Structure formats: C-alpha cells, structure tokens
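Below is one structure; the comments refer to it alone.
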Amino acid sequence: MARPQVGQLVSWYICTIVACIFLVARLCVRWQLLKRLYIDDLLVTLAALCLIGDLAIQHYMFDQGMSEMANTSLTEKINMMKMIIPGSTLYVTSLWLIKASMVVFYKRLADRTRYQLIYNITLGVLGATWLVLFFDIVFKCYPPDRQWKGLMDPELMCPEKPSTINYWLTILFNIFSDVFIICLPISQVARLKMPRKQIWGVISVFLLGVLVVITSIIRAVYSHRNEQMITCTVSMIETAIAIIASCLPVLRTLFFGAHSRTGTYSSRRRGYELSASGGGPHTGALSNKGGRTTVSVSQTGTGVDTRGESRDQLSRHDSEDGLVKENVAAGLGRGPPGIAVTREYFVLEDERSLRGR
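Residue numbering for the sequence shown follows UniProt numbering, starting at 1 and increasing by one per position.
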C-alpha cells in the first residue's frame, strides 16, 4: 500500500534534479569559455553530492514510515533515528559548502586588499561554525547510540536541552551567515563601471540568495513544530535554491552574452593622469573640455582588446569568471582576430595654460 504524502517525496527528487541541471550547466559554461574549473565549482559539486546523499537518507526514512509515525513499529523508529546524524551532517555540510563557494567566487573577483581580507576572514568563520555544528550534531547526546537506544530504555533517553541548543545554533549560524554573504559583494559590484541597468541586473542575481534565507526561516518554524516530513521537504528546497543561486552568476553569460564592453579591467591595463606642467609631447586624438585635455592613443595588432582607466583598478580576474566578461570574443568567434589596444590619458591643465592657448 502506498504511503501518504508521496507528493513530498516526488518534490525531493524534483529539487535534486533541477539543482543538478543548473550545476551541470554551470560546469559546461565554465569549461566552454575558460577550459578549466575553479575551486568554487568543486565546492558546489560536493554540495550537490551531499544533497543527493541527503535525498537517499530521507527516502530511506520515508520507506520506514516517516510520513505516518503513529503507525510505525519500534524497529522502523530505530532505523529512522540512526539516520538523524548522517542526514543532519549532510544537510549542514551542503549548505556550508555552497556558502564557501560563493565567498571564493567573490574573492576571485575582488582586487582590493581590504576585500581579500574580509573574504578570508569569512571563510575562516564558515569553517569554524561548520565544526561547531558538526561536533554538536555528533555529540549532543553521548554516546550517539543513546538516540535510538532510548526508545527501548527510557533511562538512556537523551535530554531535550542539547537538541534545543543544536536547533538554535543551526538556525542562527545559517541565517546570519546567509545574510552576511548576500551583502558582501553588493558594495563591490556597485563600483563596477557598467550601465545602471546592468549593475542592478548583477546585484539582483546576488539578491536571489534572499530566497534561501526565507526557506531557512520556514524550515526553522516546521522543525520547531517537529513536523518531520515538511521539514525534510523545505530542507531539500532550501539546498536546491542555494545551489541554483550560486550557479546564476556564472550562467549569466547564457543570457547576457560573454562579451561586454563595460566589464572590469585587469590591473595590468592601466591608464594615466598627467599634469600639464612640464609634460612632454603627446600623440593621438586630443579633445579639450573644461580645462581637461584627453589624449587617446590607439594601437592595432593581433590578440585581444584592452582599455586603460585612470582611476579605479577593478577586478583582475574579470575574464575568468563570466560575471562581467571583457574579452572572450576571439574564443567564441565574435569579431575579427587581432589586438586593439586603447589607452586614455587625462591631462589636467591650469587656468594660466588655457589663457595662453
């Protein structure tokens, strides 16, 4: 006879399959554009494997009668209790791997020492909080077999306080770390020299992580009510959305294309801001606006297209990530081959020089 709530079981598989599709698309885009994968790709892949493992555990618990606890036998309850530790560990590990992958992705886009330090500290905090949750899951009731032996002997039953502590630690660490990681790249992206619509488009991709926070809160509510089936369902949805959100910045190239003239620029492509006093002759096109002379120098050869900027030195890995791609047109067959180098020189002239001219 079919067990009740089989629709939720189907939703678990749907979440896992959709998340895996996004992951495969992410890996294909990375490999097609860059011919290599990165650490964040590996972390998301491991998170997907944890999601698949968690799906197997929850399906096993479903077969043991999780959807109708009142009608389960003692043996089935013991079998389900034995899955609590591995299931909780895989759930926490998958989420923390996704968080780490997002931070590593942001870290590679950052070019300033301040951002690098913040991201390194965030990775350290994520590692420390994962260890706290892991040891709390394993040793909240010591020895661990008391969790199922207590069903046979009430004297061995675990106290309720450690479970309550584990509940609040998981909820607080999960939600606050999600909110912090969502906020991390916004100030960095806001500095990129892109059209306003494109900036908000990129930021909106990051803000999709808000859905993960919402599902975390919903899961916390149902977990507090001890509704196991719906808690497992929301857990699968939460992890799947987190994987999808982590893949969207990379998959952005599928929708906006890989070639963008307003991308970030490598620190090796520098511009210059020159003073008028004692300046030597310049070659190129000159334009004078409000006491400011712009000197543009263009060169043509074979290779890629670069541009110097006079002020902000932004991401040094823009061509690696597909978030704001600058130069992969040659690899995709877009545009003629060759190097087109454009440098802009900004010459500030004082009022005396302008009157003399």
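In this text, a Cβ means the ideal position worked out from N, Cα and C, and glycines have one as well. A quick note: this is a predicted structure, and the numbers were derived from the prediction, not measured.
Exercise. How big is the Cα-Cα spacing for residue 85 and residue 26?
Worked result: Working through the sequence shown from its first residue, we reach residue 85 at position 85. Working through the sequence shown from its first residue, we reach residue 26 at position 26. Cα atoms of residue 85 and residue 26: separation of roughly 31 angstroms, rounded to the nearest angstrom.
Exercise. Given a threshold of 16 other Cβ atoms within 10 Å of its Cβ, counted over all protein chains shown, does residue 98 qualify as buried or as exposed?
Worked result: Walking along the sequence shown from the start, residue 98 turns up at place 98. In this structure residue 98 is buried. Its beta-carbon is surrounded by 16 or more other beta-carbon atoms within 10 angstroms.
Exercise. In whole angstroms, what separates the C-alpha of residue 125 from that of residue 71?
Worked result: Position 125 of the sequence shown, counted from the first residue, corresponds to residue 125. Position 71 of the sequence shown, counted from the first residue, corresponds to residue 71. Straight-line Cα distance between these residues: approximately 43 angstroms.
Exercise. Whose C-alpha, out of 226, 178, 228, is nearest the C-alpha of residue 245?
Worked result: For the purposes of this step, residue 245 is identified with residue 245 of the sequence shown, where counting begins at 1. When each option's Cα is compared against that of residue 245, the closest is 178.
Exercise. Does the distance from the C-beta atom of residue 43 to that of residue 104 stay below 8 angstroms?
Worked result: Your numbering for residue 43 matches position 43 in the sequence shown. Your numbering for residue 104 matches position 104 in the sequence shown. Their beta carbons are under 8 angstroms apart, which means residue 43 touches residue 104 by this criterion.
Problem set entry | Span of the alpha helix (DSSP H) around residue 86 | In the sequence shown, residue 86 corresponds to position 86, counting from 1. Unbroken alpha helix (DSSP H) run through residue 86: 84-109.
Exercise. Which value, in whole angstroms, describes the spacing of the CA atoms of residue 51 and residue 231?
Worked result: In the sequence shown, the residue the question calls residue 51 occupies position 51. In the sequence shown, the residue the question calls residue 231 occupies position 231. Distance from the CA atom of residue 51 to the CA atom of residue 231, rounded to whole angstroms, is 15 angstroms.
For this session: Give a yes or no on whether the C-beta atoms belonging to residue 63 and residue 90 are separated by under 8 angstroms.
Result: Working through the sequence shown from its first residue, we reach residue 63 at position 63. Working through the sequence shown from its first residue, we reach residue 90 at position 90. Pairing residue 63 with residue 90 gives a Cβ-Cβ distance that is not under 8 angstroms.
Exercise. Counting pairs of Cβ atoms below 8 angstroms between the stretch 234-241 and the stretch 72-80, do you hit three or more?
Worked result: Three or more beta-carbon pairs separated by less than 8 angstroms are not found between the stretch 234-241 and the stretch 72-80, which leaves the two stretches without contact.
For this session: With a cut-off of 8 angstroms on the beta carbons, I'd call residue 185 and residue 60 a contact; round off their distance for me.
Result: The residue you call residue 185 lines up with position 185 of the sequence shown. The residue you call residue 60 lines up with position 60 of the sequence shown. Residue 60 and residue 185 do not touch by the CB rule: their CB atoms are close to 38 angstroms apart, not below 8 angstroms.
For this session: Since I believe residue 229 is in contact with residue 67 (beta carbons under 8 angstroms), could you give me their beta-carbon distance rounded to a whole number of angstroms?
Result: For this step, residue 67 is matched to residue 67 along the sequence shown. For this step, residue 229 is matched to residue 229 along the sequence shown. With a Cβ gap of about 5 angstroms, residue 67 and residue 229 count as contacting.
Exercise. Using the C-alpha atoms, what's the distance from residue 40 back to residue 31?
Worked result: Indexing the sequence shown from 1 puts residue 31 at position 31. Indexing the sequence shown from 1 puts residue 40 at position 40. Going by the C-alpha atoms only, they are around 13 angstroms apart.
Exercise. Do residue 373 and residue 141 have their C-beta atoms closer together than 8 angstroms?
Worked result: What the structure shows of the chain is the stretch from 1 to 357, and residue 373 is not part of that stretch, so it cannot be assessed.
Problem set entry | residue 291 (DSSP reduced to helix, strand or coil) | Working through the sequence shown from its first residue, we reach residue 291 at position 291. Summary for residue 291: the model assigns pLDDT 44, below 50, so the residue's position carries little reliability; its value from the coordinates is reported in the next sentence. Residue 291 sits in coil when the DSSP states are folded into three classes, being neither helix nor strand.
Exercise. Between which two residues does the alpha helix (DSSP H) containing residue 72 stretch?
Worked result: Position 72 of the sequence shown, counted from the start, is the residue given in the question as residue 72. No alpha helix (DSSP H) contains residue 72, which DSSP labels as neither H nor E.
Exercise. What are the boundary residues of the alpha helix (DSSP H) that residue 158 is part of?
Worked result: In the sequence shown, the residue the question calls residue 158 occupies position 158. It is not in any alpha helix (DSSP H) - residue 158 carries neither H nor E in the DSSP assignment.
Exercise. Using the C-alpha atoms, what's the distance from residue 249 back to residue 45?
Worked result: As a working note, residue 45 is residue 45 in the sequence shown. As a working note, residue 249 is residue 249 in the sequence shown. In this structure, the alpha-carbon of residue 45 lies about 16 angstroms from that of residue 249.
For this session: Go ahead and pull the three-state DSSP assignment for residue 222.
Result: Against the sequence shown, residue 222 aligns to sequence position 222. Helix.
For this session: Kindly list the residues whose CB is nearer than 8 angstroms to the CB of residue 118, restricted to its own chain and excluding five residues on each side of it in sequence; keep chain order.
Result: Residue mapping note: residue 118 aligns to position 118 of the sequence shown, counting from 1. Excluding sequence neighbours, residue 118 sits near 184.
Exercise. Who are the near neighbours of residue 81 in its chain, counting only those whose CB is closer than 6 angstroms to its CB and skipping five residues on each side?
Worked result: For the purposes of this step, residue 81 is identified with residue 81 of the sequence shown, where counting begins at 1. The residues are 147, 148.
Exercise. Near residue 12, which residues of its chain fall below 8 angstroms by C-beta distance, leaving aside the five closest residues on each side in sequence?
Worked result: Sequence index remark: in the sequence shown, residue 12 carries index 12 (1-based). Counting only Cβ-Cβ distances below 8 angstroms, and skipping sequence neighbours, we find 55, 58, 59, 232, 233, 236.
Exercise. If you drop the 5 nearest sequence neighbours on each side, which residues of the same chain put their C-beta closer than 7 angstroms to that of residue 20?
Worked result: As a first step, residue 20 is located in the sequence shown; it is residue number 20 there, counting from the start. Around residue 20, the same chain offers 48 as residues with beta carbons nearer than 7 angstroms, after the five sequence neighbours per side are excluded.
Exercise. Expressed to the nearest angstrom, what Euclidean distance is found between the alpha-carbon atoms of residue 176 and residue 243?
Worked result: As a first step, residue 176 is located in the sequence shown; it is residue number 176 there, counting from the start. As a first step, residue 243 is located in the sequence shown; it is residue number 243 there, counting from the start. Residue 243 has its alpha-carbon roughly 18 angstroms from the corresponding atom of residue 176.
Problem set entry | Own chain, CB closer than 7 angstroms to residue 212, minus 5 neighbours either side, in chain order | Residue numbering aside, residue 212 sits at position 212 when the sequence shown is read from its first letter. Once the five neighbours on either side are set aside, the close Cβ partners of residue 212 are 178, 238, 241, 242, 245.
Exercise. Run through DSSP, which three-state label would residue 54 get?
Worked result: In the sequence shown, counting from the first residue as 1, residue 54 sits at position 54. Looking at residue 54 - three-state DSSP - the assignment turns out to be helix.
Exercise. Any idea what DSSP makes of residue 119, helix, strand or coil?
Worked result: Your numbering for residue 119 matches position 119 in the sequence shown. Of the three classes helix, strand and coil, the one that applies to residue 119 here is helix, per DSSP.
For this session: Under 7 angstroms Cβ to Cβ from residue 133, same chain only, skipping five residues before and after it: list those, please.
Result: By one-based count along the sequence shown, residue 133 stands at place 133. Hits under 7 angstroms: 92, 169, 170, 173.
Problem set entry | Residue environment, residue 196, which counts as buried when at least 16 other CB atoms sit within 10 Å | By one-based count along the sequence shown, residue 196 stands at place 196. Exposed.
Problem set entry | Residue from 252, 167, 188, 34 whose Cα sits closest to the Cα of residue 217 | As a first step, residue 217 is located in the sequence shown; it is residue number 217 there, counting from the start. Nearest C-alpha to residue 217: 167.
Problem set entry | Burial state of residue 164 (16 or more Cβ within 10 Å) | Residue numbering aside, residue 164 sits at position 164 when the sequence shown is read from its first letter. By the neighbour-count rule (16 or more Cβ atoms within 10 Å), residue 164 is not buried but exposed.
Exercise. Between which two residues does the alpha helix (DSSP H) harbouring residue 142 extend?
Worked result: Taking the sequence shown and counting its residues from 1, one reaches residue 142 at position 142. From DSSP, residue 142 is part of no alpha helix (DSSP H); its letter is neither H nor E.
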